[in-house]
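*Asks:* This is the structure I have questions about; it appears just below.
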């Protein structure tokens, strides 16, 4: 497993290319967001998604699966967005929110049978640079650790996951609060997990 340092203030293009190569080869990365560090893979690679689900013991049918998109125009390829939800997302993204939306069939097999997909557009230049360079969304889920340092420090996150992860993007100490999750699949948007950020 490699650790590459990519800071928001200075995005190393050569390292960015290396991250994208790992993702395109079906690899799993740890990368920074505007909330917690996250585990990610190419959202169109079903076997990589299944590796992450096994790594985190995510019961596929019961857990909401989320993707990071580059921008709102990309979201419409993977989720159904009506005008009112679009306005809500436009007011709050990029930002520390996960919007649960009706999923479209373009998502891979791991999403089959699911009616919803979580959508994130983090306010983090490294995360969005990775998605832009990949040319498609990243499947994403937060890291877990036994204490604060093991959630926030990239080197300790690398130690926790070991060879289960192919590459760690180190971008300084990460945050402690997860994203606020907003369910937009019903009549009115509903906050189902209060995390970082205040919904506008």
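In the numbering used here, the protein residues as written are 98 to 297. All residues carry an ideal CB built from backbone N, CA and C; glycine is no exception.
#1: In angstroms, rounded to a whole number, what distance separates the CA positions of residue 166 and residue 191?
#2: Run the CB neighbour count on residue 288, radius 10 Å, all protein chains shown included, and call it buried at 16 or more, exposed below.
#3: For residue 144, is the classification buried or exposed, using 16 other Cβ atoms within 10 angstroms of its Cβ as the cut-off for buried?
#4: Within its chain, find whatever has a CB closer than 7 Å to the CB of residue 226; leave out the 5 residues flanking it on each side and keep chain order.
#5: With residue 204 and residue 247 assumed to form a contact (beta carbons below 8 Å), what rounded beta-carbon distance in angstroms separates them?
#6: Would you please state the rounded distance, in angstroms, between the beta carbons of residue 304 and residue 197? I believe it to be under 8 Å.
#7: The alpha helix (DSSP H) that contains residue 135, what's its start and end?
#8: Return the CA-CA distance between residue 103 and residue 293, expressed in angstroms with no decimal places.
#9: Over the uninterrupted alpha helix (DSSP H) stretch that includes residue 149, give me the two end residues.
#10: Taking the C-alpha atoms as reference points, what is the distance between residue 184 and residue 170?
#11: Residue 287 lies in the alpha helix (DSSP H); which residues open and close that run?
#12: Opposite residue 264 in the DSSP bridges: which residues?
#13: Just to confirm, is the Cβ distance from residue 267 to residue 101 under 9 Å?
#14: Under 9 Å between the Cβ atoms of residue 207 and residue 162?
#15: Quick check on DSSP: helix, strand or coil for residue 227?
#16: Would you please state the rounded distance, in angstroms, between the beta carbons of residue 189 and residue 129? I believe it to be under 8 Å.
#17: Smallest Cα separation from residue 216: which of 243, 231, 177, 127?
#18: Thinking C-alpha only, which one of 131, 125, 124, 122 is nearest residue 269?
#19: State the CB to CB distance for the pair residue 122 and residue 235, rounded to an integer number of angstroms; the pair is presumed to be in contact (CB under 8 Å).
*Replies:* This is what the structure gives:
#1: 10 Å
#2: exposed
#3: exposed
#4: 108, 113
#5: Rounded, the Cβ-Cβ distance is 31 Å, inconsistent with contact.
#6: As displayed, the chain neither begins before 98 nor continues past 297, which places residue 304 out of reach and without an answer.
#7: Unbroken run through residue 135 is the beta strand (DSSP E), 135–139; no alpha helix (DSSP H).
#8: 23 Å
#9: 143–152
#10: 13 Å
#11: Where residue 287 is concerned, there is no enclosing alpha helix (DSSP H), although the beta strand (DSSP E) it sits in stretches over 287–290.
#12: 99, 126
#13: yes
#14: yes
#15: helix
#16: Contact doesn't hold; Cβ gap of about 20 Å is too wide.
#17: 177
#18: 131
#19: Not really, about 14 Å apart at Cβ, beyond 8 Å.
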